[in-house]
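If you read the sequences in order, they're chains A and B.
If you count the first sequence from 1, position 18 lands on 807 in our numbering, and the numbers rise without skipping.
If you count the second sequence from 1, position 85 lands on 874 in our numbering, and the numbers rise without skipping.
Each residue gets a CB set at the ideal place from its N, CA and C atoms; glycine is no exception.
Source: prediction; values computed, not measured.
There are 2 protein chains.
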Amino acid sequence: MTSAPSGTRFSAIPRTAAQTRVLDAALRLIAEHGVSGTSLQMIADAMGVTKAAVYRQFKTKEEIVVAITEREMARLEDAVEAAEAEGHPLRAREVLLDRMIDQAIERRGVVSVLQFDPVIIRLQAEHEPFQRFIERLYAALLGTEAGVEARFHAAMLSSAISVAVMHPLIADFDAATLRAQLTKMTRRMLDLPETAQDSAGSAKSRSAAP
Amino acid sequence: MTSAPSGTRFSAIPRTAAQTRVLDAALRLIAEHGVSGTSLQMIADAMGVTKAAVYRQFKTKEEIVVAITEREMARLEDAVEAAEAEGHPLRAREVLLDRMIDQAIERRGVVSVLQFDPVIIRLQAEHEPFQRFIERLYAALLGTEAGVEARFHAAMLSSAISVAVMHPLIADFDAATLRAQLTKMTRRMLDLPETAQDSAGSAKSRSAAP
DNA sequence: GTCTATACCACGATAGAC
DNA sequence: GTCTATCGTGGTATAGAC
């Protein structure tokens with residue numbers, strides 16, 4: 790505990806190649822079946838190895854889930870830090886939202902699973918590093934104010950972004966269309982003026998789907 | 790099949806008192822642990838009976854999950870029908886959104902679980918009555934148009950509403966505050982003018998949280 | 001008709017020996 | 001890395017008590 794770094798940096802956690810392979814396979818399966826619906830056997834089969842081989846890389850199933858969560862949070866961590874580096878809280882929020890949209894699109898389907906799986910929710914509540922990071926994320930999302938409306942906006946935004954990207958109604962949207970619409974909508978939700986770039990993006994996107 | 794009613798009416802499915810007790814207990818547990826994370830044993834324990842007693846009411850676990858989904862959809866069914874009864878599609882959408890907000894608040898936490906659990910998602914894809922109903926719901930939500938923007942709006946709204954109500958940042962909101970904020974936000978997302986009622990609601994709500 | 005007692009088999013995570 | 005074992009628990013099933 791004496792060597793514990795003051796700031797939790799998920800990005801700094803080292804993984805061997807074998808561990809990374811386990812995490813990749815596990816994430817794919819968990820995204821499809823949920824944590825409880827994914828067994829070590831399934832992970833092993835997907836990797837073409839035995840259960841014992843998986844068990845060698847991570848002592849328990851929970852460790853795998855923790856590692857997956859850490860890896861996913863590491864990506865968001867970069868976004869939060871980029872936002873915190875901005876001087877102005879309003880500008881910070883914009884940067885963060887932009888990055889969150891990027892990531893939600895880039896990892897379409899994955900983000901929401903991690904956000905809604907009951908097992909992962911419990912894990913996040915139990916592991917302090919996760920808790921601390923989430924609070925940091927919320928802080929950046931809230932900016933300076935913390936009233937009813939601000940909190941509602943932050944809640945609505947952070948949930949809507951990660952969920953909308955995997956909605957069946959827009960499953961056929963390409964990344965560019967999605968990003969344009971999401972950017973436009975988040976700005977509207979916050980009552981911010983649309984940027985010229987947004988309008989161009991959303992106009993272009995209109996031709997992207999029949 | 791000859792006796793199958795033309796319109797699927799989930800509301801018309803009869804349940805005995807014993808079955809209802811099983812569904813109540815199961816829903817609570819599933820909302821907390823997910824479908825895969827909930828065993829017949831847990832359901833039985835929660836009811837203070839044995840596994841066999843549960844098994845007597847529903848032959849399989851899947852039947853329980855189907856029944857739960859039917860029961861929850863029956864509630865939405867009323868909302869969809871009320872919307873369809875409106876002449877104007879725009880007005881229909883407003884009515885539906887209003888009811889969806891009501892239900893998301895009333896059954897806070899339950900709606901989103903059913904919407905995101907991998908097992909239930911698979912079930913919905915496999916059972917045609919569920920599929921048909923969902924399409925009906927989307928149709929009412931889309932109104933007349935079905936372009937990129939309209940679909941995006943429908944997706945964003947239907948996901949955001951059910952998810953936001955259980956977001957930790959606003960877990961302390963009371964029902965009235967939630968409803969006011971949700972109504973206001975959905976109107977803003979659709980670029981509709983705010984109603985006097987909304988403003989009053991959101992003003993009142995401001996005093997509901999410190 | 002509803003619940004209990006009990007059993008069955010497959011599979012879950014875990015573990016140590018190879 | 002694999003093989004094999006352990007041990008609990010999953011869902012399913014039947015027979016019989018109230």
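Is the segment 903-921 of chain A touching the segment 922-937 of chain B in the sense that three or more CB pairs, one from each, lie closer than 8 angstroms? no
By the three-class DSSP mapping on this structure, what secondary structure does threonine 849 (chain A) have? coil
How would you call isoleucine 853 (chain A), buried or exposed, if buried means at least 16 neighbouring beta carbons within 10 angstroms? buried
Nearest-angstrom beta carbon gap, isoleucine 819 (chain B) and valine 884 (chain B) [assumed within contact, 8 angstroms]: Not a contact, Cβ separation roughly 29 angstroms.
Do the CB positions of alanine 801 (chain B) and alanine 814 (chain B) come within less than 7 angstroms of each other? no
Own chain partners of valine 899 (chain A) with C-beta closer than 8 angstroms, once the 5 adjacent residues on each side are dropped: Leu816, Ala820, Glu861
Cutoff 6 angstroms; reference leucine 926 (chain A); Cβ partners in own chain excluding five residues on either side: Val869
Helix, strand or coil at alanine 965 (chain B) [DSSP, three-state]: helix
Keeping to the same chain, check which residues put their C-beta closer than 7 angstroms to that of alanine 964 (chain B); ignore five residues upstream and five downstream. Ile894
Under 7 angstroms (Cβ pairs) to chain A, residues found in the segment 966-977 of chain B: Thr966, Gln970, Met974, Arg977
Examine chain B for any beta-carbon lying closer than 7 angstroms to the beta-carbon of glycine 826 (chain A), and answer yes or no. yes
Please classify leucine 967 (chain B): is it buried, with 16 or more other beta-carbons within 10 angstroms of its beta-carbon, or exposed? buried
Below 7 angstroms on C-beta distance, what does arginine 940 (chain A) contact in chain B? Leu958, Ile959
Mind pulling the alpha helix (DSSP H) runs of 4 or more residues that sit fully within the segment 921-979 of chain B? 937-953, 964-978
Going by the CB atoms, is the gap between alanine 944 (chain A) and alanine 872 (chain A) shorter than 7 angstroms? no
Do leucine 946 (chain B) and threonine 972 (chain B) have their C-beta atoms closer together than 7 angstroms? no
Give the straight-line distance between the Cα atoms of serine 994 (chain B) and alanine 833 (chain B), rounded to the nearest whole angstrom. Since pLDDT at serine 994 (chain B) reaches only 43, below the 50 mark, its modelled position is unreliable, and no value is offered.
Just to check my reading of the structure: serine 948 (chain A) and histidine 877 (chain B) have Cβ atoms closer than 8 angstroms, yes? What is that Cβ distance to the nearest angstrom? That belief does not hold up - the Cβ atoms of serine 948 (chain A) and histidine 877 (chain B) are roughly 30 angstroms apart, past 8 angstroms.
Contact list for the segment 846-877 of chain A against chain B, Cβ threshold 8 angstroms: none
Measure the alpha-carbon distance for threonine 804 (chain B) versus glycine 932 (chain B) and round it to whole angstroms. Note on identity: in this sequence residue 804 (chain B) is arginine, with threonine being the wrong assignment. About 34 angstroms.
Examine chain A for any beta-carbon lying closer than 7 angstroms to the beta-carbon of phenylalanine 922 (chain B), and answer yes or no. no
Residues within the segment 800-831 of chain A neighbouring chain B, beta-carbon criterion of under 7 angstroms: Glu821, His822, Gly823, Ser825, Gly826
Residues of chain A with CB under 7 angstroms from alanine 944 (chain B), in chain order? Ala953, His956, Leu958, Ile959
C-alpha distance - arginine 864 (chain B) paired with glutamine 892 (chain B), whole-angstrom precision: 8 angstroms
Anything in chain B within Cβ reach of alanine 949 (chain A), meaning under 8 angstroms, just list it in chain order. Met945, Ser948, Ala949, Val952, Ala953
Isoleucine 950 (chain A) and isoleucine 890 (chain A) look like a contact to me (Cβ under 8 angstroms); what is the Cβ gap, rounded to whole Å? 6 angstroms
Proximal residues to aspartate 906 (chain A) (C-beta, below 6 angstroms), its chain only, five neighbours per side dropped: Gly823, Val824
Helix, strand or coil: which one does DSSP assign to proline 803 (chain A)? coil
For phenylalanine 905 (chain B) and chain A, any beta-carbon pair shorter than 7 angstroms? yes
For the alpha helix (DSSP H) containing aspartate 834 (chain B), name the first residue and the last one. 829-836
Is it buried or exposed for alanine 806 (chain B), if we count other Cβ within 10 angstroms and need 16 for buried? exposed
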